[in-house]
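Student: So that we are looking at the same thing, I have put the structure below in structure tokens.
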């Protein structure tokens, strides 16, 4: 009794607590530390494996948003089993961050070889078109009379045809009998920049030119389009800009950011999102470094090198090259959410609600519900462009859902058909791929096209070139290229007897004609759009022109007739 009183009287409560804690075994402290770290990581990585287990590993239900009277849903999407089922993530990837990270590091893509064509756009830029046909390694490209459906794939930010998710998509569609072509962004896919124009999150001109070219070259082929991430934003924006006047029969949007301004706020909000922001900024700076000679001349190169976020890169590079006043202006004008209401093509949109890059806050729910051509599918999980399935993570759920929707659409009578063809095709649409897909491999490993003017072709006649490019599975998307090319000269009849002066005059006339077409095309397209919306618009324009020009014409007529009347009076 006296001993306990002495202990109690000589030690403070804190010392007693420490002594009691020291008596506990070290294993219990280790277990407690493991438990705390596990809870922290479970919340930090947004794991949902316990929730999946409580649901019996059935997965989350796919929620569909559509107009009640939408024929696209009732006649097409209703036949897609994947859109009316559940999605269960791979158990050891039951986290949006783990899924997104695994897709970027590995992704387990299928192995195959593309065939490449280099396409020169109107401003002189070069785009790599990577093909995978249903016949796989068959020589040559599809014939002009081929009616096999063709899917155009537009990759995401700093991604190209070598990305794991693109390979999953391309191989899946080609294995089912359709042809696929990946339209790489400018400066990606190992192709150098050949003009002063760069792509951005709202740049739709490249997609427009490629789709018009493919429709012009293969008029019997149904065209479909799939956009992923920032490529989805570009595709939806393009469809909204074109309205009815697009040859695309159907489209799919995967993990679109929708509203770039909201996405910018979201990606800088939390610590995890800021990690993604810095990682993407590093990718953008790597892209800029590949094309430093041009960007250093056009943009703020010192600012680009110091950029630590997407917003900073857009401030120093995108806004300067594309001539936007501010970064927010760029984000507002290039957000596809503003164009959803004008989409006239059957469109399936897929988004994961736990996407760590593209927040659910930006999804235009009401706009999608108001458009009868759009079906929006959302899943509770999936990450960004991942949606891994199975124990081995060998499949992507959205790949099967997208292909199932397009196949059901193709079998239905609801494919979009272009009502008017008001676009004036640039001359490059007829010549860029057929006449100049030469490939030069430079010292820095980049690929650039060679013009058709070369030795052995002095008469100026066009030549056809075919290039087969084998893309190996290299690191960082910079594929090593094995180029095998064969040149076939086809001389135009009578060109051998033409004098150099006549050839020069003919080329000058052609250049002048092309310039004239470039000037007239926007005016013609605007007038045609007006006449489509209201047939009387052309008469209204004529009336306005007459009224506004009448004071000038009246003054000229008065001066002219006054002089004529004065002369007879003077003669008398």
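In this note's numbering, the protein residues as written are 676 to 1247. No residue lacks a Cβ here, since even glycine has one placed at the ideal position from N, Cα and C.
1) Can you tell which of 867, 865 and 858 has its C-alpha closest to the C-alpha of residue 880?
2) Decide if the stretch 1055 to 1064 is in contact with the stretch 762 to 776; the criterion is three or more beta carbon pairs, one per stretch, under 8 Å apart.
3) Can you check the stretch 845 to 923 for any alpha helix (DSSP H) of at least 4 residues that lies completely inside it and give the ranges in chain order?
4) To which residues of the same chain is residue 1186 closer than 6 Å at the C-beta, ignoring the five residues directly before and after it?
5) What residues match up with residue 997 in a beta bridge as DSSP calls it?
6) Between residue 919 and residue 1047, is the Cβ-Cβ spacing less than 7 Å?
7) Which residue comes first and which comes last in the alpha helix (DSSP H) that contains residue 796?
8) Can you tell me which of the three DSSP states residue 809 falls into?
9) Can residue 854 and residue 930 be called in contact, C-beta distance under 7 Å?
10) Could you spell out where the alpha helix (DSSP H) holding residue 702 opens and where it closes?
11) Taking DSSP as the reference, what is the three-state secondary structure of residue 1024?
12) For the pair the stretch 829 to 848 and the stretch 894 to 908, tell me if three or more CB-CB distances fall below 8 Å.
13) In angstroms with no decimal places, state the Cα-to-Cα distance between residue 971 and residue 964.
14) So, residue 1035 versus residue 740, is the Cβ gap smaller than 7 Å?
15) Quick one: using the 10 Å Cβ neighbour count with 16 as the cut-off for buried, is residue 950 buried or exposed?
16) Between the stretch 1010 to 1028 and the stretch 976 to 986, can you find at least three pairs of beta-carbon atoms closer than 8 Å?
17) Since residue 864 and residue 939 should fall inside the 8 Å C-beta cutoff, what is the C-beta to C-beta distance between them, to a whole number of angstroms?
18) Check whether the stretch 1078 to 1089 touches the stretch 749 to 763, taking contact to mean three or more Cβ pairs, one atom from each stretch, closer than 8 Å.
19) By Cβ distance, which residues of its chain are closer than 6 Å to residue 999, with the 5 residues on each side in sequence left out?
20) Does residue 926 come out as helix, strand or coil in the three-state DSSP assignment?
21) What span of residues does the beta strand (DSSP E) with residue 832 cover, start to end?
22) In chain order, what residues of the same chain have a beta carbon less than 8 Å from the beta carbon of residue 1008, not counting five sequence neighbours either side?
23) May I ask which residues mark the beginning and end of the alpha helix (DSSP H) holding residue 947?
24) Taking the alpha carbon of residue 1288 as the point to measure from, which residue in 942, 969, 988 and 885 has its own alpha carbon closest?
25) Rounding to the nearest angstrom, what Cα-Cα distance links residue 688 and residue 706 in this structure?
26) Taking 7 Å as the threshold (C-beta atoms), are residue 761 and residue 791 in contact?
27) Any idea what DSSP makes of residue 1071, helix, strand or coil?
28) Tell me the DSSP secondary structure of residue 1061 in three-state form.
29) For residue 762, which of helix, strand or coil comes out of DSSP?
30) Can you tell me which of the three DSSP states residue 1038 falls into?
31) Going by C-alpha distance, which of 1029, 1024, 969 and 703 is nearest residue 1076?
32) Is residue 775 helix, strand or coil when you go by DSSP?
33) Can you tell me which of the three DSSP states residue 731 falls into?
34) I need the straight-line Cα distance from residue 695 to residue 718, nearest angstrom please.
35) Let me know if residue 1019 comes out buried or exposed under the rule of 16 or more other beta-carbons within 10 Å of its beta-carbon.
Tutor: Walking through what the data contain:
1) 858
2) The stretch 1055 to 1064 is in contact with the stretch 762 to 776.
3) 880 to 892 and 905 to 917
4) A caution first: residue 1186 carries a pLDDT of 46, below 50, which makes its placement in the model unreliable, though a value can still be read off. Cβ within range, chain order: n/a, list empty.
5) None; residue 997 has no bridge partner.
6) no
7) Residue 796 -> no alpha helix (DSSP H), and no H or E assigned at all.
8) It is coil, neither helix nor strand.
9) no
10) 701 to 719
11) In the structure shown, the three-state DSSP call for residue 1024 is strand.
12) yes
13) 9 Å
14) no
15) exposed
16) no
17) For a cut-off of 8 Å, the C-beta gap from residue 864 to residue 939 is around 27 Å, too long to register as a contact.
18) Touching, yes, given that three or more Cβ pairs across the two stretches are closer than 8 Å.
19) 1005
20) strand
21) Note, residue 832: premise wrong, no beta strand (DSSP E); not H, not E.
22) 877 and 999
23) 946 to 965
24) The structure shown has nothing for residue 1288, since the chain only spans 676 to 1247.
25) 26 Å
26) No, they are not a contact pair.
27) Strand.
28) It is coil, neither helix nor strand.
29) strand
30) coil
31) Looking at 1029, 1024, 969 and 703, the one whose alpha-carbon comes closest to that of residue 1076 is 1024.
32) helix
33) coil
34) 32 Å
35) The residue is buried, with at least 16 neighbouring Cβ atoms inside 10 Å.
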